[in-house]
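Heads up: the structure comes next, in structure tokens.
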Amino acid sequence: MEFCIKSARDSVSLFNCILFDLDDTLYPSSTGIAQAVKKNIDDFLVEKCGFPEDKASSLRVELFKTYGSTLAGLRALGYDIDADHYHAFVHGRLPYEVIQQDLQLRNLLRSITQRKIIFTNSDRIHAVKVLKRLGLEDCFDQIICFETFNPNLSKSSRPDEFPVVLKPSPEAMKIALEVADVDPCRTLFLDDNVKNVAAGKALGLRTVLVGKIMKNKDTDYAVGSVHDIVQVIPEIWVNGSDGGDQGISRTRSELDAILSTTTPVGA
Numbered sequence: 265m266e267f268c269i270k271s272a273r274d275s276v277s278l279f280n281c282i283l284f285d286l287d288d289t290l291y292p293s294s295t296g297i298a299q300a301v302k303k304n305i306d307d308f309l310v311e312k313c314g315f316p317e318d319k320a321s322s323l324r325v326e327l328f329k330t331y332g333s334t335l336a337g338l339r340a341l342g343y344d345i346d347a348d349h350y351h352a353f354v355h356g357r358l359p360y361e362v363i364q365q366d367l368q369l370r371n372l373l374r375s376i377t378q379r380k381i382i383f384t385n386s387d388r389i390h391a392v393k394v395l396k397r398l399g400l401e402d403c404f405d406q407i408i409c410f411e412t413f414n415p416n417l418s419k420s421s422r423p424d425e426f427p428v429v430l431k432p433s434p435e436a437m438k439i440a441l442e443v444a445d446v447d448p449c450r451t452l453f454l455d456d457n458v459k460n461v462a463a464g465k466a467l468g469l470r471t472v473l474v475g476k477i478m479k480n481k482d483t484d485y486a487v488g489s490v491h492d493i494v495q496v497i498p499e500i501w502v503n504g505s506d507g508g509d510q511g512i513s514r515t516r517s518e519l520d521a522i523l524s525t526t527t528p529v530g531a
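Taking this note's numbering as reference, the numbering of the sequence shown is continuous, increasing by one, and the terminal residue is 531.
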């Protein structure tokens, strides 16, 4: 299936939509949320599934490698795990208070006039909580999340009837593009996961690897932090209709204004 038809016009057009991953992309991994999630998954395997405590971590890793997530693996193996109950356990115990309001990121996002969409494997409740903690709950037009990819899990008659769908599977990526109704060639996709970025690139998205400063073959841009897109991807703010250098010149004052209202990363 052809997802992206390039043309001379596309090559100079602006991005008209930006897809943002959530966890470890909109906030740094140093918060420790990811580690807390892993601990909660281990506890779930012990408390809810009866696995030995000393085997939980290795089982979690193996299920992730084989099936893409612990939940996906458990259901594929026949465990009748309700996704809502799983997420309530794994995310419900998280120390959300470690996620701080980010006014710098809020200013940056509000300066972007294109559609902005959250694209996460997490459940919607978790996504909303994180956005509220960051002070970004009104900065996005749409949330594409676990429930978007897996609308039929609650209707299944057996655990393996509907496989759990998540990034970076092609199915999840295609669902996201269809739900968002975007042109991949004019869509920018930010994610901290190399496999997710590669999956996006395969479908024609322009890709940004977050948390790295070196690009690879599947990334168009690499940024140490989401805040760095102002410096690394000024094209987001360029008015392509003005054309070339003139467009960049016309938006330079806007970029300077964004930078002047934010503090340096790490300050």
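Heads up, the beta-carbon is just placed ideally off N, CA and C, and yes, glycines get one too.
*asked:* Taking the beta strand (DSSP E) that F383 belongs to, which residues open and close that run?
replied: First-last of the beta strand (DSSP E) with F383: 379–383.
*Since V496 is in the beta strand (DSSP E), which residue starts that stretch and which ends it?*
DSSP places V496 outside any beta strand (DSSP E); the residue lies instead in the alpha helix (DSSP H), whose first and last residues are 493–496.
*Between which two residues does the alpha helix (DSSP H) carrying D348 extend?*
Its alpha helix (DSSP H) spans residues 347–356.
_Inter-stretch contact (C-beta, 8 Å, three-pair minimum) for the segment 296–307 and the segment 454–465_ = Under the three-pair Cβ rule at 8 Å, the segment 296–307 does not count as touching the segment 454–465.
*How many angstroms separate the CA atom of G504 from the CA atom of G332?*
Residue placement at G504 cannot be trusted, given a pLDDT of 48 that sits under 50; what the coordinates show is reported in the next sentence. Cα to Cα, G504 sits roughly 39 Å from G332.
*Using only alpha-carbon positions, find the residue among Q364, W501, V474, T483 that is nearest to H491.*
Of all alpha-carbon atoms in Q364, W501, V474, T483, the one lying nearest the alpha-carbon of H491 is that of V474.
*What residues match up with A440 in a beta bridge as DSSP calls it?*
DSSP lists no partner for A440.
*Specify, as a first and last residue, the run of the alpha helix (DSSP H) that V428 falls within.*
Unbroken run through V428: none, as it is neither H nor E.
*From G468, D285, D484, V458, pick the residue whose C-alpha is nearest to that of I381; which is it?*
Its Cα nearest to that of I381, the residue D285 stands out among G468, D285, D484, V458.
*asked:* I'd like to know whether the C-beta atoms of A486 and I500 end up nearer to each other than 9 Å.
replied: Not in contact: A486 and I500 (Cβ atoms no closer than 9 Å).
_H349, buried or exposed, once every other Cβ within 10 Å from all chains shown has been counted against 16_ = By the Cβ-count criterion, H349 is exposed, with fewer than 16 other Cβ atoms from all chains shown falling within 10 Å of its own Cβ.
*So does the segment 443–450 actually touch the segment 356–374, counting three or more Cβ pairs closer than 8 Å?*
Cβ pair count under 8 Å is below three, so no.
*I389 lies in the alpha helix (DSSP H); which residues open and close that run?*
I389 -> alpha helix (DSSP H) spans 388–398.
*Return the residue from the list G314, P292, D346 that minimises the CA-CA distance to D424.*
With distances taken between CA atoms, D424 lies nearest to D346 out of G314, P292, D346.
*Which of the three DSSP states, helix, strand or coil, is assigned to N403?*
The amino acid at residue 403 is misidentified as Asn; the sequence shows Cys. In the three-state reduction of the DSSP assignment, C403 falls in the coil class, being assigned neither a helical nor a strand state.
*asked:* Can you give me the C-alpha to C-alpha distance between D405 and S433, rounded to a whole angstrom?
replied: Going from the Cα of D405 to the Cα of S433 covers about 24 Å.
*Return helix, strand or coil for T483, following the three-state DSSP convention.*
Looking at T483 - three-state DSSP - the assignment turns out to be coil, as it is neither helix nor strand.
_Tell me whether the segment 372–386 and the segment 415–424 touch, counting them as touching only if at least three CB pairs, one residue from each stretch, are closer than 8 Å._
The segment 372–386 is not in contact with the segment 415–424.
*Would you kindly work out how many angstroms separate the C-alpha atoms of K481 and N457, rounded to a whole number?*
In a straight line, the C-alpha of K481 is about 14 Å away from that of N457.
_Rounded to the nearest angstrom, what separates L338 and F279 at their Cα positions?_
C-alpha separation (whole angstroms): 39 Å.
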